[in-house]
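See structure below.
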Amino acid sequence: MAQKVADYLLERLRDWGVERVFSYAGDGINGLLAAWARADDDPKFIQARHEELAAFEACGYAKFSGKVGVCAATSGPGAIHLLNGLYDAKLDHAPVVAIVGQTNRSAMGGSYQQEVDLMALFKDVASDYVQMVTVPEQLPNVLDRAMRVAMSRRTVTALIIPGDVQELDYSPPTHAFKMVPSSIGMAAGTPMPAEDDIRRAADVLNAGEKVAILVGQGAAGAVAEVEQAADVLGAGVAKALIGKDVLPDDLPYVTGAIGLLGTRPSYEMMMGCDTLLTVGSSFPYTQFMPELDQARGVQIEIDPTMIGMRYPYEVNLVGDAAATLRALIPLLQRKQKRDWREEIESNVTRWWEVMDRRAAVDADPINPEYVFHALSPLLPEDAMITSDSGSAANWYARHLKIRGRMRGSLSGNLATMCPGMPYAVGAKFAHPDRPAFALVGDGAMQMNGINELLTAAMYYQEWDDPRLIVGVLNNGDLNQVTWEMRAMAGSPQFEPSQKLPQFPYAAYASLIGLTGIEVTKPDQVTGAWEQALAADRPCLIEFVTDPSVPPIPPHASWDQMEKAAEAIVKGDPERWSVLKEGVKSKMQEMLPGDSQGRKHQ
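Going by the working numbering, the sequence shown opens with residue 56, and the numbers climb by one from there.
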C-alpha cells in the first residue's frame with residue numbers, strides 16, 4: 056500500500072521526537088486517524104474529552120516538559136474548540152503545534168457543512184506561522200517550519216490539512232523549480248547582548264544601593280546565576296506568578312509572588328528599591344513595580360519584541376538569561392552594606408509568620424488558606440503543581456513554598472478558567488514518574504474539570520506514579536469574581552451569576568473508579584492530603600470551604616477597601632461573614648511576630 060500524506064505526517068512527527076498528540080476524533084481528521092491505526096498508535100493518541108481540553112493538555116505538557124506540545128482536532132467546531140487553550144499557550148509562551156482538519160478542497164468556498172475559514176480563524180492565535188497543506192509535496196517544509204517556529208519563538212503554530220489531502224499518496228518535494236525541500240532538527244542558539252551594553256548595565260546596578268530583582272519564567276534556566284547576582288548585589292528576588300517555580304521559597308531573600316495575588320514583602324521591596332533588575336519577565340502590572348521616576352532599571356529578555364516594556368528601563372539587554380548574567384556578574388561590585396538585604400529578609404520572615412496566622416484563623420466550615428498551608432510541607436520535592444484561575448490562585452501564590460525540584464504553573468497571561476486539571480494531565484504525560492497536584496475551584500471543576508477526571512481515570516494505569524491529586528475548593532461561589540465585584544465595583548454579590556449548583560465532587564470521583572474524599576472540618580485537612588499521597592490512583596479531595604475569607608491584596612488601596620465596604624452597605628448577602636473574616640484576616644498582619652501558628656480570633 057502506498058504511503059499516504061497522513062502516514063507521512065505521523066512519520067515526520069516521530070522524526071521530530073513527538074511522542075504523543077492530544078486530540079479528539081472527528082471526520083475532518085479521519086485520514087489521520089486511519090494512519091494512526093496503521094502506525095500502531097505512534098505517536099500515542101491521547102484522547103481528551105473536548106478539544107479545548109486537548110489544547111490545554113498540550114500546553115501543560117509543553118510547560119512541564121520543555122518540549123513542543125502537539126494537539127489535533129477536526130474541522131469546523133473542533134478547530135474552534137481549540138482556540139482558548141491555544142491562546143493560553145500563546146500568551147504564556149508555551150510551544151504548541153495544532154494540526155487541524157478541513158473540508159475537502161473541492162468543497163471549499165461552497166458553504167459546505169462545517170466549512171470555516173480556518174486560515175482567518177487561526178490568523179491571530181498562530182500569527183507566527185499558520186499554513187494550509189494543499190499538495191503532498193508541501194508537507195515536510197510546512198510541518199518542519201511549524202515545529203521550528205513554535206520552538207524558537209515559544210509560541211503557537213498551526214497546520215490545516217484538508218480531508219482529501221490527508222488521503223492522497225505521499226510524494227516528496229523534488230529537485231525542481233518552486234519546490235521547497237526541508238530537513239529535521241534545529242540546533243539551539245544562545246543570543247548575547249553586546250559587551251558595551253553589559254558594561255552599561257553593570258554600571259547601573261553597581262550605582263544602586265537598594266537593588267530589587269524580578270524574575271519570570273524566562274529565568275528558569277538561570278537559577279544559579281540569579282542566586283549569585285542576588286548575593287553580590289545584596290538584592291531580594293520577587294517572582295512573577297507564572298515564574299513561581301523559578302527559585303525556591305525557602306531562600307530567605309525570595310519575597311515570593313508579585314502583583315495583586317502577590318506578597319507584602321514583594322510589594323514593599325518594589326516600593327523601596329532604587330534599582331530594578333528584571334530577568335525573563337513581562338509582568339504587566341506597572342503599579343506593583345517602583346514608581347516610574349523612583350528606580351533605575353535593567354532588563355534581560357530573550358525576546359526582542361518584549362524588551363523595554365512595563366518600565367522605563369535604562370539598559371535593555373536582549374539575550375539568554377543565564378548567558379547574559381554570566382557575562383554580567385564578573386562586572387558587578389559586591390555590596391558591602393547589607394542593611395537593605397537584611398530588611399528584605401526580615402520582611403520575608405514576618406510574612407511567613409503572617410501566613411501561618413492567617414491559615415489558622417477559624418472559618419465556617421474550613422478556611423481555604425489552611426487547605427493550601429497544610430499541603431505545602433507535605434508536597435514531595437518532585438511535585439508538579441497546577442492551579443486554576445480564581446481564588447485558588449491566591450492561595451497557590453501565597454501559601455505554597457516551592458522547594459527541591461518542584462514545578463508549578465497556571466494560566467499566567469490569559470488567566471482563563473479551567474487549565475488546572477488538563478495542565479496536570481499534560482504534566483503527567485510529560486513526567487509519568489512524578490506526582491501531580493491540581494488545585495482548582497468548584498467553578499472551574501464544573502466548567503470542565505469533571506470531564507477531565509474521566510481522562511485521568513482512562514490513563515492513570517499507564518503512569519509509573521499513578522498519583523494525580525485534585526484539591527477542589529467547594530464554596531458554592533464564583534469567589535474571585537465575587538470579591539472583584541466587591542473591591543473594584545463596590546457591588547454586592549449578585550447571586551444569580553455567582554452561586555453555583557451543588558455537585559458531589561468526591562462521590563463522583565469514587566463513582567468513576569478514583570479515590571474521592573470529602574472534607575468538612577479543619578481537623579480532617581492534613582489527614583486527607585496524607586491519604587491522597589498514599590493512594591494508588593488519582594484522588595479528588597473536596598474541601599468544603601468558606602467563601603467569605605477575603606483574598607486581600609498585598610497592599611489593598613483605600614479605594615478598594617472603600618468599595619468593598621460600599622458593597623457590604625448595599626446589602627451583600629454575605630456581608631456579616633465578609634466583615635468578620637476580613638477583619639480577622641487583616642488583623643494577622645498587625646499582630647506581633649508569632650512563628651508558632653497559633654490562632655488569633
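Using N, Cα and C, we set each Cβ at its ideal position, and we do this for glycine too. The model shown is predicted, which means the values in this text are computed figures rather than measured ones.
Cβ distance (whole Å) where residue i is taken to contact residue j below 8 Å
| i | j | result |
| --- | --- | --- |
| H148 | T245 | Not quite, the Cβ-Cβ distance comes to about 18 Å (not below 8 Å), so this is no contact. |
| P420 | K576 | 6 Å |
| G496 | A447 | 5 Å |
| D601 | N530 | 7 Å |
| E408 | W450 | Wrong, their Cβ atoms sit about 17 Å apart, outside the cutoff. |
| N353 | V259 | Residue 353 is actually Val in this sequence, not Asn. Going by Cβ atoms, the distance from V353 to V259 rounds to 5 Å, so yes, they are a contact pair. |
| F343 | G317 | 7 Å |
| M163 | R203 | Contact doesn't hold; Cβ gap of about 28 Å is too wide. |
| A274 | V334 | 4 Å |
| D474 | F111 | Checking the displayed sequence, the identity of residue 474 turns out to be Pro instead of Asp. P474 to F111, Cβ: 5 Å. Contact. |
| P248 | T360 | That belief does not hold up - the Cβ atoms of P248 and T360 are roughly 16 Å apart, past 8 Å. |
Exposed unless 16 or more other CB atoms sit within 10 angstroms - verdict on residue i
| i | result |
| --- | --- |
| L68 | buried |
| V270 | buried |
| H230 | exposed |
| D92 | Per the sequence shown, residue 92 should be read as Ala rather than Asp. By the 10 Å Cβ count, A92 comes out exposed. |
| A319 | First, the amino acid is wrong: residue 319 is Arg here, not Ala. Burial call: buried. |
| Q157 | buried |
| S442 | buried |
| L566 | exposed |
| C498 | Note that residue 498 is Gly in the sequence shown, not Cys. So G498 counts as buried. |
| W631 | At W631 the pLDDT is 42, less than 50, meaning the model places this residue with poor confidence; the figure from the coordinates comes in the next sentence. Exposed is the call here. |
| R462 | buried |
| E517 | exposed |
| L150 | Checking the sequence, you will find Pro at residue 150 rather than Leu. Result: buried. |
| M56 | exposed |
| T341 | exposed |
| S207 | exposed |
| F598 | buried |
| Y167 | exposed |
| G663 | Absent from the model: residue 663. The displayed extent of the chain is 56 to 656, so no value can be given. |
| V373 | buried |
| D375 | buried |
| G165 | exposed |
| G571 | buried |
| R254 | exposed |
| R453 | buried |
| A175 | exposed |
| H393 | The amino acid occupying residue 393 in the given sequence is Arg; His does not appear at that position. Classification of R393: exposed, given that the 10 Å Cβ count is below 16. |
| A587 | buried |
| K178 | exposed |
Opening and closing residue of the beta strand (DSSP E) in which residue i lies
| i | result |
| --- | --- |
| A213 | 211–217 |
| I572 | 570–574 |
| T330 | 330–334 |
| L372 | 370–373 |
| L64 | Segment 60–70 is the alpha helix (DSSP H) holding L64; no beta strand (DSSP E) there. |
| G496 | 491–496 |
| V527 | 523–529 |
| K294 | 291–294 |
Residue span of the alpha helix (DSSP H) that contains residue i, given as start and end
| i | result |
| --- | --- |
| N261 | 250–262 |
| R393 | Segment: none, R393 is in no alpha helix (DSSP H) and carries neither H nor E. |
| E356 | Premise fails: E356 lies in the beta strand (DSSP E), 351–356, not in any alpha helix (DSSP H). |
| V281 | 278–288 |
| R381 | 376–383 |
| M476 | 475–485 |
| I505 | 505–514 |
| A447 | 446–454 |
| R319 | 319–327 |
| G83 | Per DSSP, G83 belongs to no alpha helix (DSSP H) and is neither H nor E. |
Residue i: CB within 8 Å of a non-hydrogen atom of the ligand FMN
| i | result |
| --- | --- |
| Q586 | What this structure holds is no ligand at all, so the ligand FMN is not there to describe. |
If we count Cβ pairs, one from each stretch, closer than 8 Å, do we get three or more for the region 167–174 versus the region 118–137? yes
Do three or more CB pairs link the region 285–299 to the region 308–327 at distances below 8 Å? yes
Just list the beta strand (DSSP E) runs in the region 85–128, keeping only unbroken ones of 3 residues or longer that don't cross its boundaries, in chain order. 99–102, 124–128
Inter-stretch contact (C-beta, 8 Å, three-pair minimum) for the region 106–117 and the region 182–192: No, they do not touch.
Restricting to runs no shorter than 3 residues, where is the beta strand (DSSP E) found entirely within the region 163–218? 185–187, 211–217
Any contact of the region 299–312 with the region 397–407, i.e. 3+ C-beta pairs under 8 Å? yes
Does the pairing of the region 543–556 with the region 453–473 give three or more beta-carbon distances under 8 Å? Contact fails: fewer than three Cβ-Cβ distances are below 8 Å.
List, from N- to C-terminal side, the alpha helix (DSSP H) runs of 4 residues or more that fit wholly inside the region 547–571. 550–553, 560–566
Is it true that the region 261–269 meets the region 382–398, where meeting means three or more beta-carbon pairs spaced less than 8 Å apart? yes
Flag this pair as touching only if the region 424–433 and the region 386–394 have three or more C-beta atom pairs under 8 Å; answer yes or no. With the cut-off at 8 Å, the region 424–433 and the region 386–394 do not touch.
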